[in-house]
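Asker:
Protein chains: 2
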Amino acid sequence: MTLRNENIQKNLRRRLKRVAKDACSIKTAKKRLPITRWLPTYNFTILIQDMIAGITVGLTAIPQGIAYAVVAGLSPEYGLYSGLMGGFVYLFFGSSKDVTVGPTAIMSALTARYVLDYSSDFAVLAAFLSGVVILIMGTLQLGFLVDFVSVPVISGFTTAAALQIASAQFTSLFGLDGKSGTVFSQSVYNFVVNIRTAKLWDPVLGFSTILILVLLKKFGEGCSRNDTAVRQFRWLLSLARNAVVVVIGMIIVYVIKVVQDQEPLKLIGDIGSGLPKFQLPPFSTVVGNETYDFSDMMETLGPQSIVIPLVSIIESIAIAKAFAGGAQLDATQEMIALGFCNVIGSFVRSMPVTGSFTRTALNNASGVQTPAGGIFTGFLILLALSLLTSTFYFIPKASLAGLIITAMFSMIDYEIFMRLWKNSKRELLVMFVTILVSLWFGLEYGLVIGILAEAVMLLFRVARPKIEISSLKTADREAFAIPLGDNVAYCAAEHIRRAVLEAAQVAGDDAVIIVDGSKLRSMDMTVAANLMAVVKDLERKSRKIVFLNFNPEIQKICESINNKHADKFINAPSAEDLGMLNERKFSAVNVNV
Amino acid sequence: MTLRNENIQKNLRRRLKRVAKDACSIKTAKKRLPITRWLPTYNFTILIQDMIAGITVGLTAIPQGIAYAVVAGLSPEYGLYSGLMGGFVYLFFGSSKDVTVGPTAIMSALTARYVLDYSSDFAVLAAFLSGVVILIMGTLQLGFLVDFVSVPVISGFTTAAALQIASAQFTSLFGLDGKSGTVFSQSVYNFVVNIRTAKLWDPVLGFSTILILVLLKKFGEGCSRNDTAVRQFRWLLSLARNAVVVVIGMIIVYVIKVVQDQEPLKLIGDIGSGLPKFQLPPFSTVVGNETYDFSDMMETLGPQSIVIPLVSIIESIAIAKAFAGGAQLDATQEMIALGFCNVIGSFVRSMPVTGSFTRTALNNASGVQTPAGGIFTGFLILLALSLLTSTFYFIPKASLAGLIITAMFSMIDYEIFMRLWKNSKRELLVMFVTILVSLWFGLEYGLVIGILAEAVMLLFRVARPKIEISSLKTADREAFAIPLGDNVAYCAAEHIRRAVLEAAQVAGDDAVIIVDGSKLRSMDMTVAANLMAVVKDLERKSRKIVFLNFNPEIQKICESINNKHADKFINAPSAEDLGMLNERKFSAVNVNV
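Going down the list, the sequences are from chains E and V.
Here this note's numbering = 1-based position in the first sequence + 1199.
Here this note's numbering = 1-based position in the second sequence + 1199.
#1: For W1639 of chain E, collect the residues of the same chain with a Cβ closer than 6 Å to its Cβ; drop the 5 residues on either side in sequence, then sort them by chain order.
#2: Below 8 Å on the Cβ atoms is my contact criterion, and I expect D1715 of chain E with A1680 of chain E to pass it. Report the Cβ-Cβ distance as a whole number of Å.
#3: Do the segment 1524-1535 of chain E and the segment 1292-1307 of chain E make contact, defined as three or more Cβ pairs closer than 8 Å?
#4: Just to check my reading of the structure: F1356 of chain E and G1649 of chain E have Cβ atoms closer than 8 Å, yes? What is that Cβ distance to the nearest angstrom?
#5: Suppose only complete runs of 3+ residues qualify. What are the beta strand (DSSP E) ranges in the segment 1655-1734 of chain V, listed by chain order?
#6: Can you pull the chain E neighbours of G1538 of chain V, defined as C-beta to C-beta under 7 Å?
#7: Taking only runs that begin and end inside the segment 1547-1577 of chain E, name each unbroken beta strand (DSSP E) of 3 or more residues, in chain order.
#8: What residues in its chain sit with their C-beta under 7 Å from that of S1407 of chain E, if we drop five residues either side in the sequence?
#9: So is G1684 of chain V in contact with chain E if we call contact Cβ pairs under 7 Å?
#10: What does T1484 of chain E pair with, by DSSP beta-bridge criteria?
#11: What are the residues in the segment 1686-1710 of chain E lying within 8 Å of chain V by C-beta distance?
#12: Leaving aside the five residues before and after S1467 of chain E along the sequence, list all residues of the same chain whose C-beta is less than 7 Å from its C-beta, in chain order.
#13: Does the structure place the segment 1231-1246 of chain V close enough to the segment 1429-1449 of chain V that three or more beta carbon pairs sit under 8 Å?
#14: With a cut-off of 8 Å on the beta carbons, I'd call L1152 of chain E and L1581 of chain E a contact; round off their distance for me.
#15: Helix, strand or coil for L1467 of chain V? Go by DSSP, reduced to three states.
#16: Under 6 Å from any heavy atom of the ligand SAH, does the C-beta of V1506 of chain V make it?
#17: Closer than 7 Å, Cβ to any Cβ of chain E: which residues of the segment 1337-1365 of chain V, in chain order?
#18: Can you tell me whether DSSP reads G1301 of chain V as helix, strand or coil?
#19: Within its chain, find whatever has a CB closer than 6 Å to the CB of I1265 of chain V; leave out the 5 residues flanking it on each side and keep chain order.
#20: DSSP state of F1477 of chain E, grouped into three classes?
#21: I'd like to know if Q1568 of chain V contacts chain E, where contact means its C-beta is closer than 7 Å to some C-beta of that chain.
#22: Out of curiosity, what's the CA-to-CA distance linking A1678 of chain V and Q1704 of chain V?
#23: Taking the alpha-carbon positions, what's the T1499 of chain V to F1616 of chain V distance?
#24: Work out the CA separation of G1286 of chain E and F1578 of chain E for me, nearest whole Å.
#25: Does the beta carbon of L1436 of chain V come closer than 7 Å to any beta carbon on chain E?
#26: For K1755 of chain E, name the three-state secondary structure that DSSP assigns.
#27: For D1495 of chain V, go through chain E and note every residue whose CB falls closer than 8 Å to its CB, in chain order.
#28: Measure the C-alpha to C-alpha separation of V1733 of chain V and Y1453 of chain E and round it to an integer number of angstroms.
#29: Let's test the definition: count the other Cβ atoms within 10 Å of the Cβ of F1482 of chain E and tell me whether it reaches 16, buried, or not, exposed.
#30: Using 10 angstroms around the beta-carbon of T1427 of chain V, count the other beta-carbons present and answer buried if the total reaches 16, otherwise exposed.
#31: Show which residues of chain E have a CB atom less than 7 Å away from the CB atom of K1621 of chain V.
#32: Quick check: is the beta carbon of L1657 of chain E nearer than 7 Å to any beta carbon in chain V?
#33: Buried or exposed: which applies to L1324 of chain V, given that a residue is buried once 16 or more other Cβ atoms fall within 10 Å of its Cβ?
#34: Applying a beta-carbon distance threshold of less than 8 Å, which residues of chain V neighbour K1718 of chain E?
#35: Consider the Cβ of E1677 of chain E: report whether some Cβ of chain V lies at a distance smaller than 7 Å.
#36: Could you round the C-beta distance between L1561 of chain V and V1256 of chain V to whole angstroms and report it? I think they count as a contact, below 8 Å.
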């Protein structure tokens, strides 16, 4: 029996209510604008801390932004546009001090298909639509839908995304002619087809970049911000490694150009300069000679208009949870913040954004105190957009490819393969299905199929609960106990009926079948109907069956179907005691039979 | 603890195996041709009993066949064609002595749309395809899919089918001009639009038919085959009431025609006479000026090509189960029999068939001994086809409409509404969704939406298990116990994490959070990952948490994620004992904290 002491329960409820009330007594407006909570106590010390963190994050956000724009197939300035509004908007709506919203590899990968096949307008529209969908899901409190994405599915999806993004960079890494692809299978195919067009210096620079990144990472390991000066430098250099390799690449290209007046490497090339205009997102667009109105664009986006916001929510909430440090997370609030980041971002030509794990971790490690850190990141990006765009011309594509590929290898969770192999082959299967579908058909299909596969498998498990029939013998009688689980759903009705009939078949003529409902807390009508039908069947053969410890509510359901079997419901020592059954106890059970 | 006595378990397993082996030792061929089991012991007494039952069933099968052909919008002879092969084929493959396979109201209703909008060829092709699908499902042992159709969904579907079929007869009942409809909403709309064209004598005959049927049913109540002569006559008249009202209608029409040379009532009219040719089912057809090849026809049938076989299986298995009297039912065998009935039936222009509840019950009540009874039913139908088709010309449509409407009212399970209202509003909702979608969009959509709604609701219930946090107090310490259910699925991970954090929030600083896994038998990786993340979070706040009675396998999963928490897993008296916790025991629990 679980504890049912009235007083303790009441006390507990009162305390839970108080906690809930405390959370609600702050005005809703205040709740939905978390800035109102921390701004009044903001001071100069906090400002300095936020500034340091914000600038550190900014130094990573710039090369990452450029790289992720490239992943999406967009011109690099789009990556900066996308990093711009995140900080400013999250400042007002965000509830986590650490979370940094901006472009991420996966969001870029999901967008890539539409940019390559159509135009950049689709990326911006996707951001706007994602924002709207996230806002709707937030206000309708639909965040719980994310619960149906399991760890194996997320892991499989992330692994596939990393492979897809890395494979799409092969063309740049080897300096190949021709396009890469928007799906892993396509990228690999194009790579193989075009391998003969490989250049010499692009792969040299690309693989060197990868090597330097790995070494710089090792170089900074174990060092931190509060170390000796040397170790502080190592820490900083390691942190800034993405910027470092890009700058090295640019210098090499610049020197070759000035000295030899040659461009032996493929470069990013001319990019739009200056700040983005604040304008409506593109609700219609022209691709080639064809005009797409809003509904055409929606149709083109198709399933993505659900998958992008869903992935955006999953990434962002997962990160916010990881950095919440055990505090309750207001998922609704995070979704509202994320929704606004996307919607407002789309007015400055942002692609879809979400929380970035790398930059959030960096923000946290750099000692950020409030979401105000994002302002400084934003200003740094603005600065880069105003002054540095002409410099970006010299970024070699191979450097970026090396940077992106290296980042992707750290995104894969290698341990989970072995962990699932050892503990849960079923979940391993789900992961492989997710990976394979993602690699072959595209990430969005992989995610959807993974979620569905997991749900269908769950339904089948619920439909086939493990029933351990136990045989109980006494001097004068035999019994078979069929224990039911805590929730017996309609789809398990037939399975349980079969178990009862099986026991009846095995049992001797005067044996008793005990359907043990001691753990049972809920039961569907379908199961009740099936049980009553079995009773009727067994009675016709004059077999004895009893229902042990069914709670009154469930007994009521059974009796609503057939009220002639009230005498079959008995209460006796719990099923646990039946295991240690002795003759006396068992005859006690039998009294009512 | 459940009983784990090795010997008893072994003994049980051995006995279960023996039962299984007994079933398998009969050769598969013999198993798949049940006729081989009963034919060797067949004798004259059994023959007589089968003959009486078969002819009784045949007398009902003829008017029902005509009526259901009308429901499907087919010419009446199709109903007879459909009743023809059932008996002959089921004879070889059927495992139930009672089940009678033939046309049923619901199968006709599902077919009606295609007959009305296209042609009768679609009904025949639907029978062939259904047969193939059923055979495939049977051989792949996919019969368990039927478990996902719950009682509320079946009830809702049946109710909607009854209303749809009845409403489609309003046109005939009132002698209206114009078409009725293939969906309830459409039939009601057409009825209202055409109500001004109502005739006088059609509704008079129709409503009289209904009245006579109700009275004849009452007349036979309580009487049986083994009663006094008078009561035997009442029983027989009541049984044959469908035939009686049709014959009365025919006589009235005939008399009026002979005496006054008038036809004041709408009649069935000319129907094809004679036996059907044995020919391939129509794999292509012409409707109007358009030729439909096989793929066009498949496309036209659409979701029906899955829904019709599914419903066919549901009806047939449910009936076989009801008449199995507690014996294990070989669902695979029933599906094979049903599949062949449909496939072979389609060669004599049968529409889709399944087990008929009315005729199966009648067969049983008439004392049938083997499936051989079906032969006599078949021969009686053959006789009717050869000799009576010209007579059928005189059947008034209003009589049939009255007959069909009366049958439909007995198909609805009225009690389930109140039963669900009292016990399970959730399931009532599912039923209403099924009914409303069926009535508005069509039966097939209602069934599919009902199944999906039930599955989605189940997933949400699994995702939100009821967790009763209990507070345990001792003199020196406080604890909160969070009991887990027996199967914790990935989608419940977040819910459990929240429960733990909630308890931690309510608890005092030195309180212990006990996650009680005593009942736990399986847990997904996602849940393990979440629990380990919570431990990390709580540790950072130096809150104490322990995992009680997690079985070694589940502990292993948790430790594969984070192996630093082995000391948190403790075994102690079961959660049940924690309820009656005394100070000594509780300190024992605390030893390991």
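All residues carry an ideal CB built from backbone N, CA and C; glycine is no exception.
Answerer: In short:
#1: S1384
#2: Going by Cβ atoms, the distance from D1715 of chain E to A1680 of chain E rounds to 5 Å, so yes, they are a contact pair.
#3: yes
#4: 7 Å
#5: 1669-1672, 1677-1682, 1711-1715
#6: Those within 7 Å of G1538 of chain V in chain E number zero; the least Cβ separation is about 20 Å.
#7: none
#8: Counting only Cβ-Cβ distances below 7 Å, and skipping sequence neighbours, we find nothing.
#9: G1684 of chain V counts as touching chain E.
#10: E:Y1491
#11: N1686, A1688, Y1689, C1690, A1691, A1692, E1693, H1694, R1697, L1700, E1701, A1703, Q1704, V1705
#12: Note that residue 1467 of chain E corresponds to Ile in the displayed sequence, not to Ser. Around I1467 of chain E: P1275, F1591, Y1592, I1594, K1596.
#13: Touching, no, given that fewer than three Cβ pairs across the two stretches are closer than 8 Å.
#14: It is not possible to answer for residue 1152 of chain E, since the shown part of chain E is limited to 1200 through 1792.
#15: It should be pointed out that residue 1467 of chain V corresponds to Ile in this sequence rather than to Leu. Note: I1467 of chain V maps to coil in three-state DSSP.
#16: The ligand content of the structure shown is nil, which means the ligand SAH is not present either.
#17: D1346, F1347, S1349, V1350, P1351
#18: G1301 of chain V carries a strand assignment under DSSP once its states are collapsed to helix, strand and coil.
#19: For I1265 of chain V, where only same-chain residues beyond five positions count, the Cβ hits under 6 Å are P1275, G1278.
#20: Coil, per DSSP.
#21: no
#22: 12 Å
#23: 35 Å
#24: 9 Å
#25: no
#26: The DSSP-derived three-state label of K1755 of chain E is helix.
#27: Chain E residues near D1495 of chain V: none, gap ~26 Å exceeds 8 Å.
#28: 51 Å
#29: Counting of Cβ neighbours within 10 angstroms places F1482 of chain E among the exposed residues, the total staying below 16.
#30: exposed
#31: S1759
#32: Under the Cβ distance rule, L1657 of chain E counts among the residues neighbouring chain V, one pair being separated by less than 7 Å.
#33: buried
#34: D1685, K1718
#35: no
#36: 6 Å
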